[in-house]
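Peer 1: Counting in the working numbering, the sequence shown runs from 1327 upward without gaps. Don't be surprised by glycine CBs; every beta carbon is placed ideally from N, CA and C. Just passing along the structure, written as structure tokens.
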Amino acid sequence: MRRVQRDNGESARLVSRRGLLLGCAQAAMVGVLALRMRHMQIEESDRFQLLAEENSIKIRLLPPARGMILDRNGKLIAGNEQNYRITVTREDAGDPKAILARLARLIPLTPEQIDDALKELERRSPTLPITVADRLSWEDFSRVAVNAPALPGVTTEVGLSRVYPMTGDFAHVLGYVGPVSDYDLSKLTDPDPLLQIPRFQIGKLGAEAKLEDQLRGSAGTKRIEVNSTGRVMRELDRDEGIPGANLRMTLDYRLQNYAMQRLGAESAAAVAIDVNSGDILAISSAPSFDPNLFVRGISASDYRILTENDHRPLADKTVQGAYPPGSVFKMVTSLAALEAGVISPDETVYCPGFMQLGNRKFNCWKRGGHGHMHMTQSLEQSCDVYYYEIAQRVGIDRISEMARRMGLGVKFDLPMSAVSEGLAPDKDWKKKKYDKDWLIGDTLNAGIGQGYVLASPLQLAVLTARVATGREVMPRLVRAVDGQDPFPVPEAPSLGLGDASLRFVRQGMFDVVNSKKGTAQASRVLDKSVLMAGKTGTSQVRNITAAERAAGVISNDDLPWERRDHALFVCYAPFDSPRVAVAVVVEHGGGGSAVAAPIARDILMQALFEGYPPIEIYPESQRGKVEALRGEIKLIDPATVSGGGKSRA
1327 MRRVQRDNGE
1337 SARLVSRRGL
1347 LLGCAQAAMV
1357 GVLALRMRHM
1367 QIEESDRFQL
1377 LAEENSIKIR
1387 LLPPARGMIL
1397 DRNGKLIAGN
1407 EQNYRITVTR
1417 EDAGDPKAIL
1427 ARLARLIPLT
1437 PEQIDDALKE
1447 LERRSPTLPI
1457 TVADRLSWED
1467 FSRVAVNAPA
1477 LPGVTTEVGL
1487 SRVYPMTGDF
1497 AHVLGYVGPV
1507 SDYDLSKLTD
1517 PDPLLQIPRF
1527 QIGKLGAEAK
1537 LEDQLRGSAG
1547 TKRIEVNSTG
1557 RVMRELDRDE
1567 GIPGANLRMT
1577 LDYRLQNYAM
1587 QRLGAESAAA
1597 VAIDVNSGDI
1607 LAISSAPSFD
1617 PNLFVRGISA
1627 SDYRILTEND
1637 HRPLADKTVQ
1647 GAYPPGSVFK
1657 MVTSLAALEA
1667 GVISPDETVY
1677 CPGFMQLGNR
1687 KFNCWKRGGH
1697 GHMHMTQSLE
1707 QSCDVYYYEI
1717 AQRVGIDRIS
1727 EMARRMGLGV
1737 KFDLPMSAVS
1747 EGLAPDKDWK
1757 KKKYDKDWLI
1767 GDTLNAGIGQ
1777 GYVLASPLQL
1787 AVLTARVATG
1797 REVMPRLVRA
1807 VDGQDPFPVP
1817 EAPSLGLGDA
1827 SLRFVRQGMF
1837 DVVNSKKGTA
1847 QASRVLDKSV
1857 LMAGKTGTSQ
1867 VRNITAAERA
1877 AGVISNDDLP
1887 WERRDHALFV
1897 CYAPFDSPRV
1907 AVAVVVEHGG
1917 GGSAVAAPIA
1927 RDILMQALFE
1937 GYPPIEIYPE
1947 SQRGKVEALR
1957 GEIKLIDPAT
1967 VSGGGKSRA
């Protein structure tokens, strides 16, 4: 009996304990629910009130700031500026046509712009905002912002747009940016979501296009809350993303600006290169164009002016242009012959004014001939017959091999558009290209830089740098990324050429400029610390008939511009301790000594002195002309030009 009572008491205690635990759990649950209800009803009442009114949360991509491009001194040459724009989202706008009509009462919108916007809204996803107007004034922008409650689906945004403060000086090397097109998207297998942002700008040409991945950056995001009419109620949070990298180029803005102005109205190109590092200091193609026009959307009339200009301002002649190098190529032929041992430097060749090959005459530029010529004299006076002879001895294959070793017929890996490989032809090339055998006459023409041989101004500058140093100098354009120390430049390897071969060619180039009989003697300088060596070139763009030659070759001045010879000149200085090499090509300029040499000399001196050199370095008879030319040139300082813009610090 007692045992039963004891068991009953124990059971009662267990039931009481379980009931207490259950009651506590229930009380805790009720407490949590009460706290949650209090939080939702009091602390988040505004949020749920908005949700009750059919508000929605949307995530929008934020375009990052595009990386800035600086010159070697840190001067801005491509930056960003604020851009006020208006976007419309079809999903939120309801009736886009009515909204755009209402918007047109607030800001200038033409019927064509409205039609384009409606078409774009139809083409794109209904959730994707479409830019209707950009580059608005603050007054227009604020007028739309004030009226935003009456404009569902319309958003005012402040973004960044590309700007080029030095307009045309760097147009060809930097290129420009523009809105992403369907064609751009079609070339990508996995396009960055950034590219879907309305009128997002990407590189279209030049370094802007080639370095797009580094300059673009990564997208940010923002969460916004909009009500049932499409009006943005508030921004919930924002992640700015990662700006693009800032790039420092090897270019010098002062030298680039000077080179562009020194080329003037010519259809021409100039390249200046540091012979020790390979840094391209200036790379100028004239005439140029304003890349800002393309960023903003160039008009049909402005574009027509550029395309109809016979001087081809849109073409980058420095790397895209491939020209017969003319007598500049004689340095290559000389090195090939010396290295092959088919001629010694002091052996002479007689020049009567022509070489007879079968029933064809190959003429020298000097009708009466040069007489007996050895190698340095042949370079100094640019005797064609001398090079017909040694080209025939050495053969085209060894000439072409030497040309490639010196940088011709080679496509350099630079962040520029349509870089030309040029052409160093040989027997196999002609057989593949034309299914024809190579002829001795082809070799004679190639020996003086005519016929099939082609080279760009960049390649000619590299050729000159390699002759000056005897090393495999490689051109480069990017000096540093994001403020890091400049990329190290290892010493270029030797070309493997004999010192004697290089010494004789260099001496011939020195005599071209500094000897009384040198073809560029008029472009010499008097300062012994910066004496230069160079080589003139004149490449024909038309055939001269036997009848014309017998009657007297028509002067370039008497020919239409497009039938005149190209003028070329390459040089380096100082002669004893080379620092900078320059190549200049003036399309249809006539003689290299008269037209290209003075331009190249002035650019070279400007590079060495980092500004105008003392007037005393010029021959006295030329100082008045030099002073007058300086008066016409207005050098620019980008610090006085707007367009800094936001980018990575």
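Assuming residue 1741 and residue 1545 form a contact by the criterion Cβ under 8 Å, report the distance between their Cβ atoms to the nearest whole angstrom.
Peer 2: Actually they do not touch by this definition, with Cβ atoms about 23 Å apart.
Peer 1: Got a sec? Which residues, its chain only, sit under 7 Å from residue 1622 by beta carbon, not counting five neighbours each side?
Peer 2: Only 1461 meet the Cβ criterion.
Peer 1: Taking the straight line between their C-alpha atoms, what separation do you get for residue 1380 and residue 1534?
Peer 2: Reliability of the predicted coordinates at residue 1380 is poor, the pLDDT of 48 falling under 50, and the value obtained from them is presented with this limitation in mind. So the two alpha carbons sit approximately 44 Å from each other.
Peer 1: Taking the straight line between their C-alpha atoms, what separation do you get for residue 1806 and residue 1392?
Peer 2: If you take the alpha carbons of residue 1806 and residue 1392, they lie about 16 Å apart.
Peer 1: Within 10 Å of its beta-carbon, does residue 1782 have 16 or more other beta-carbons around it, so buried, or fewer, so exposed?
Peer 2: Residue 1782 should be labelled buried.
Peer 1: Could you please give the first and the last residue of the uninterrupted alpha helix (DSSP H) stretch that includes residue 1790?
Peer 2: It spans 1783-1795 - the alpha helix (DSSP H) in which residue 1790 sits, taken as one unbroken run.
Peer 1: Please check if any C-beta of chain B sits within less than 8 Å of the C-beta of residue 1887.
Peer 2: As a matter of chain content, chain B is missing from the structure shown, which is built from one protein chain.
Peer 1: Could you check where the alpha helix (DSSP H) with residue 1365 kicks off and where it finishes?
Peer 2: No alpha helix (DSSP H) contains residue 1365, which DSSP labels as neither H nor E.
Peer 1: What are the complete alpha helix (DSSP H) segments, minimum 4 residues, inside the segment 1803-1857?
Peer 2: The qualifying runs are 1825-1840.
Peer 1: Distance, Cα to Cα, residue 1827 vs residue 1662?
Peer 2: Whole-angstrom Cα-Cα distance: 9 Å.
Peer 1: Helix, strand or coil, according to DSSP, for residue 1899 in the structure here?
Peer 2: Strand at residue 1899.
Peer 1: What does the alpha-carbon distance come out to for the pair residue 1470 and residue 1429?
Peer 2: Each residue's alpha carbon lies about 8 Å from the other.
Peer 1: Tell me the residue span of the beta strand (DSSP E) that contains residue 1530.
Peer 2: Note, residue 1530: premise wrong, no beta strand (DSSP E); not H, not E.
Peer 1: Please classify residue 1917: is it buried, with 16 or more other beta-carbons within 10 angstroms of its beta-carbon, or exposed?
Peer 2: With 16 or more Cβ atoms within 10 Å of its Cβ, residue 1917 is classed as buried.
Peer 1: Please state if the CB of residue 1908 and the CB of residue 1934 are separated by a distance shorter than 8 Å.
Peer 2: Not in contact: residue 1934 and residue 1908 (Cβ atoms no closer than 8 Å).
Peer 1: Helix, strand or coil for residue 1487? Go by DSSP, reduced to three states.
Peer 2: Three-state result, residue 1487: strand.
Peer 1: So, helix, strand or coil for residue 1928, using DSSP?
Peer 2: Residue 1928 falls in the helix class under three-state DSSP.
Peer 1: Quick one, are the C-beta atoms of residue 1815 and residue 1801 less than 8 Å apart?
Peer 2: No; because the gap between Cβ atoms is not below 8 Å, this pair is not in contact.
Peer 1: Let's see if you can read the secondary structure: which residues bound the beta strand (DSSP E) around residue 1388?
Peer 2: Element bounds for residue 1388: 1382-1388.
Peer 1: Under 8 Å by Cβ, that's how I've got residue 1607 and residue 1581 pegged, so tell me the actual separation to the nearest angstrom.
Peer 2: 5 Å between Cβ atoms; contact.
Peer 1: For residue 1773 versus residue 1676, is the C-beta spacing smaller than 8 Å?
Peer 2: Contact flag unset, no.
Peer 1: Please state whether DSSP places residue 1949 in a helix, a strand or coil.
Peer 2: Of the three classes helix, strand and coil, the one that applies to residue 1949 here is helix, per DSSP.
Peer 1: What does DSSP give as the partner residue(s) for residue 1505 in the beta ladder?
Peer 2: In DSSP, residue 1505 forms a bridge with 1527.
Peer 1: What is the residue span of the alpha helix (DSSP H) that residue 1668 lies within?
Peer 2: From DSSP, residue 1668 is part of no alpha helix (DSSP H); its letter is neither H nor E.
Peer 1: Going along the chain, which residues of its own chain have a beta-carbon closer than 6 Å to the beta-carbon of residue 1925, five neighbours each way excluded?
Peer 2: The residues are 1588, 1910.
Peer 1: Buried or exposed: where does residue 1912 fall if 16 or more other Cβ atoms within 10 Å of its Cβ makes it buried?
Peer 2: Residue 1912 is buried by the Cβ-count criterion.
Peer 1: Does the contact criterion of 3 or more C-beta pairs under 8 Å hold for the segment 1424-1440 versus the segment 1498-1516?
Peer 2: Output reads no: the segment 1498-1516 does not touch the segment 1424-1440.
Peer 1: Where does residue 1379 sit, in a helix, a strand or coil, going by DSSP?
Peer 2: Note that residue 1379 scores a pLDDT of 47, beneath 50, so its modelled location is shaky; the value from the coordinates is reported in the next line. Looking at residue 1379 - three-state DSSP - the assignment turns out to be coil, as it is neither helix nor strand.
Peer 1: Flag this pair as touching only if the segment 1443-1457 and the segment 1411-1421 have three or more C-beta atom pairs under 8 Å; answer yes or no.
Peer 2: Yes, the segment 1443-1457 is in contact with the segment 1411-1421.
Peer 1: I'd like the ranges of any beta strand (DSSP E) spanning at least 3 consecutive residues and lying wholly in the segment 1671-1726.
Peer 2: Taking only runs of at least 3 residues, the beta strand (DSSP E) segments lying wholly in the segment 1671-1726 are 1675-1677, 1680-1683, 1686-1689, 1697-1699.
Peer 1: Is the number of C-beta pairs between the segment 1485-1504 and the segment 1526-1542 that are closer than 8 Å three or more?
Peer 2: Yes, since at least three Cβ pairs between the segment 1485-1504 and the segment 1526-1542 fall closer than 8 Å, the two stretches touch.
Peer 1: How about residue 1419 and residue 1475: are their beta carbons less than 8 Å apart?
Peer 2: Result no, Cβ atoms of residue 1419 and residue 1475 do not sit closer than 8 Å.
Peer 1: With residue 1846 and residue 1923 assumed to form a contact (beta carbons below 8 Å), what rounded beta-carbon distance in angstroms separates them?
Peer 2: Rounded, the Cβ-Cβ distance is 4 Å, consistent with contact.
Peer 1: Could you name each continuous beta strand (DSSP E) segment of 3 residues or more that falls completely within the segment 1564-1621, going from the start of the chain to the end?
Peer 2: With a minimum length of 3 residues, the continuous beta strand (DSSP E) runs that stay inside the segment 1564-1621 are 1573-1575, 1594-1600, 1606-1612.
Peer 1: Look up residue 1480 in the DSSP assignment and give the residues it is bridged to.
Peer 2: Bridge partners of residue 1480: 1414.
Peer 1: In or out: residue 1704 buried (at least 16 other Cβ within 10 Å) or exposed?
Peer 2: By the 10 Å Cβ count, residue 1704 comes out buried.
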